[in-house]
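Numbering-wise, the sequence shown is residues 109 to 267 according to my numbering.
The beta carbon of each residue, even a glycine, is placed where N, CA and C say it ideally should be.
Quantities reported herein were computed from a predicted structural model and do not represent experimental measurements.
In what follows, a single structure is set out as structure tokens and then discussed.
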Amino acid sequence: MLRDGVALGRLSHDTFVRRMELALAAHHSHELAALTADLPTEGRVSRVVFGTVEAVSGFGVRLRRAWQAERLPKLLLPHPGTGHPLRIGRDPANGLRLTHETVSRVHAELVRQGGMWVLRDLGSTNGTTVNGRRVIGAAVVREGDQIGFGQMAFRLAVD
109 MLRDGVALGR LSHDTFVRRM ELALAAHHSH ELAALTADLP TEGRVSRVVF
159 GTVEAVSGFG VRLRRAWQAE RLPKLLLPHP GTGHPLRIGR DPANGLRLTH
209 ETVSRVHAEL VRQGGMWVLR DLGSTNGTTV NGRRVIGAAV VREGDQIGFG
259 QMAFRLAVD
């Protein structure tokens, strides 16, 4: 809908880019609906049909993630008062050493910024993920998120 809106001249390029950023950060369908509420409704029936098919086909993925989430080992968030980033990787000098071959020597860091936890990939070879999505640069994380370093996965928890 956003692509059609910009193609038909109903959205500016800047508005399109901002709404796409919000769409990628959305966690619920109502957040997506708010991004397209001001666009024309023509063709909405086909979007409902495709949306339904997408939801049904994604059910297996969501079910598998939910099943795995409870079985993942917990990674405790550091105490907020430390002020230092927690480096993660294979190097013994890291605060959290992971010895799996898919983890880079200096893979990622976890830091408290502005009252939020931020996970930053440090140019790792096999990537860092948050809830199944690859981190490009940095991502805000919270308790309960599934994070991955290479092929190692954890569920964030607080003490």
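### Query
Under the three-state reduction of DSSP, which class applies to GLU217: helix, strand or coil?
In the structure shown, the three-state DSSP call for GLU217 is strand.
### Query
Whole-angstrom Cβ separation of ALA265 and LYS182, contact assumed at under 8 Å?
The distance from the Cβ of ALA265 to that of LYS182 is about 4 Å, consistent with a contact at the 8 Å cut-off.
### Message
Taking the straight line between their C-alpha atoms, what separation do you get for THR233 and ALA145?
### Response
Taking the straight line joining both Cα atoms gives about 40 Å.
#### Entry: Range covered by the alpha helix (DSSP H) that runs through ASP122
Where ASP122 is concerned, the enclosing alpha helix (DSSP H) starts and stops at 121 to 133.
### Query
Under the DSSP definition of a beta bridge, which residues are partnered with MET224?
Beta bridge pairing from DSSP links MET224 with GLN221.
### Residue span of the beta strand (DSSP E) that contains GLY256, given as start and end
In this chain, the beta strand (DSSP E) harbouring GLY256 covers 254 to 257.
### Message
Considering just the uninterrupted stretch of the alpha helix (DSSP H) at ARG263, what are its terminal residues?
### Response
Looking at the DSSP string, ARG263 is not in any alpha helix (DSSP H); the run it does join, the beta strand (DSSP E), is 260 to 265.
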